[in-house]
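J.: Okay, handing you the structure first.
Numbering (our numbering), first residue to last: 11 to 283.
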């Protein structure tokens, strides 16, 4: 294809291609979990050796299950708060704003580095509704001032926390919870064992990225802002829909769920504030 886009991202930014590829592989599966056709179209327009991601049918299903769970929580929030803001941090090439149908009263803001936003503009169509993008590092101090604080907010950050240092994660959570009148935080984390095992993840190893922050006790984060309450802490091995995984993936999850330490290697968290 003549319009294929050359990718020059490295490090943590390069890993966004792994999650894109995972969602595309899932869409091609016999029993898709997410069915993200927009991811397939975007992937086909990228000039990149996706073998670098090390993505398999099993890990792709895991990526899709995580995305589906976060999507479902966003949908639940918007059903209860139709006049609210969706704040999608470190959005990468995620197509969540395309996947989720929402009331016209919802404001949606995607945030990522300027070079990632520029890539999104080349690869993805503009979603319908009240939608905008902000090009900035989510750990910066200025970008949040561009987000109106007049509504409840559901803040989603997928595949981000582990690349932050704990103090950066704490500061980000405190800034979001301190700015808005209320809402929810939805994000995934690695446990400390997952951080120690990071070089076993091909997308991390091959990109030269480094993982820093592991969360072993989700309750600790409750102390970072008054009124912050953990509603859900789903282990990756217990996610709804694991039965849709390939047989090898289901067997792997069954084994991991029965090994102390390994069963806590990853979680998806939901907090109310």
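Even glycine gets a Cβ: it sits at the ideal position worked out from N, Cα and C. Every value quoted in this text rests on a predicted model; they were computed, and no experiment measured them.
Could you compute how far the alpha carbon of residue 11 sits from the alpha carbon of residue 133?
T.: Any answer about residue 11 is weak, because its pLDDT of 43 lies below 50 and its placement is not dependable; what the coordinates show is given next. Their Cα atoms are separated by approximately 13 angstroms.
J.: For my contact list, residue 29 and residue 219 are in at a C-beta cut-off of 8 angstroms; report their separation, rounded to the angstrom.
T.: Contact flag wrong, Cβ pair sits at about 13 angstroms.
J.: Cβ of residue 167 within 8 angstroms of Cβ of residue 238?
T.: no
J.: Is it right to say residue 89 is buried, meaning 16 or more other beta carbons lie within 10 angstroms of its own, or is it exposed?
T.: exposed
J.: Got a sec, what are the start and stop residues for the beta strand (DSSP E) residue 226 sits in?
T.: According to the DSSP assignment, residue 226 belongs to no beta strand (DSSP E), since it is labelled neither H nor E.
J.: Considering Cα atoms alone, identify which of 122, 91 and 103 is closest to residue 114.
T.: 91
J.: Is the region 91-105 touching the region 151-165 in the sense that three or more CB pairs, one from each, lie closer than 8 angstroms?
T.: yes
J.: Look up residue 142 in the DSSP assignment and give the residues it is bridged to.
T.: 119
J.: Hey, residue 124 and residue 145 are a contact pair by Cβ (cut 8 angstroms); roughly how many whole angstroms apart?
T.: 3 angstroms
J.: Just curious, the alpha helix (DSSP H) that residue 194 is in, first and last residue?
T.: It is not in any alpha helix (DSSP H) - residue 194 instead sits in the beta strand (DSSP E) that spans 193-200.
J.: Spell out a yes or no on whether the region 237-251 and the region 48-64 are touching, meaning 3 or more CB-CB pairs, one atom from each, closer than 8 angstroms.
T.: no
J.: Starting from residue 282, follow its DSSP beta bridges and name the residues at the other end.
T.: 194 and 239
J.: Once the 5 residues before and after residue 235 are set aside, which same chain residues still bring their CB inside 8 angstroms of it?
T.: 183, 184, 187, 188 and 283
J.: List in chain order: all unbroken alpha helix (DSSP H) runs of 4+ residues lying wholly within the region 46-94.
T.: 47-54 and 67-90
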